[in-house]
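Novice: Just so you know, we're using UniProt numbering here: the sequence shown kicks off at 1 and counts up by one.
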Amino acid sequence: MTALSPLDGIKRCPCGSGLNFGLCCGKYHAGAPAPTAEALMRSRFSAFVTGDEDYLLRTWDADTRPTALHLDASDLRFYRLDILDTVGGGLLDSTGIVEFEAFYKGAATGSQRERSSFHRINGNWIYYAETESS
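#1: Thinking just about the alpha-carbon of each residue, which of 128, 121 and 73 is nearest to the one in residue 114?
#2: Identify which residue in 56, 34 and 97 has its Cα closest to the Cα of residue 131.
#3: Helix, strand or coil for residue 63 per DSSP?
#4: Whether or not the stretch 32-44 and the stretch 85-101 are in contact is what I'm after, with contact meaning three or more pairs of Cβ atoms, one per stretch, closer than 8 Å; do they touch?
#5: Between the beta-carbon of residue 48 and the beta-carbon of residue 78, is there less than 7 Å?
#6: Looking at the structure shown, is residue 43 part of a helix, part of a strand, or coil, going by DSSP?
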């Protein structure tokens, strides 16, 4: 039996799509492949919100991922994601870039802006690393 996410009963996905979590990022957390780099980015944001470290590591390139994450050690809570730009990363692409801003609150309130690079491995989108802004 699969454990339920704390968001299974919530109507809106934390990624900001407006869809139900189970119909949006929840299906990727459960194992369905993200169809685009942006979908993977949104699902990774939702994983930060829900504390799903396994999903974050599973969707991170082996060459750049850390050995572990400690999301529970942080008092920051992400609450909003804005997608600012995408380059490639579509259904027929093999690479893509997604620029986003993620807003958080906790001991500090602010945002993190990043351009992230993604590529496909065996047909699945994987986060590679933060890239330099153009």
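Note that the Cβ used here is the ideal one computed from N, Cα and C, for glycine as well.
Specialist: This is what the structure holds:
#1: The residue labelled residue 114 in the question sits at position 114 within the sequence shown. Residue 114 has its Cα closest to that of 128, out of 128, 121 and 73.
#2: On the sequence shown, residue 131 is found 131 positions in, with the first residue counted as 1. It is 97 whose Cα lies nearest to the Cα of residue 131.
#3: Here the question's residue 63 lines up with position 63 in the sequence shown. Coil, per DSSP.
#4: Cβ pair count under 8 Å is three or more, so yes.
#5: What you label residue 48 is simply residue 48 of the sequence shown in a count that begins at 1. What you label residue 78 is simply residue 78 of the sequence shown in a count that begins at 1. Yes. Within cutoff.
#6: Within the sequence shown, the letter at position 43 stands for residue 43. The answer is helix: DSSP assigns residue 43 an H, G or I state.
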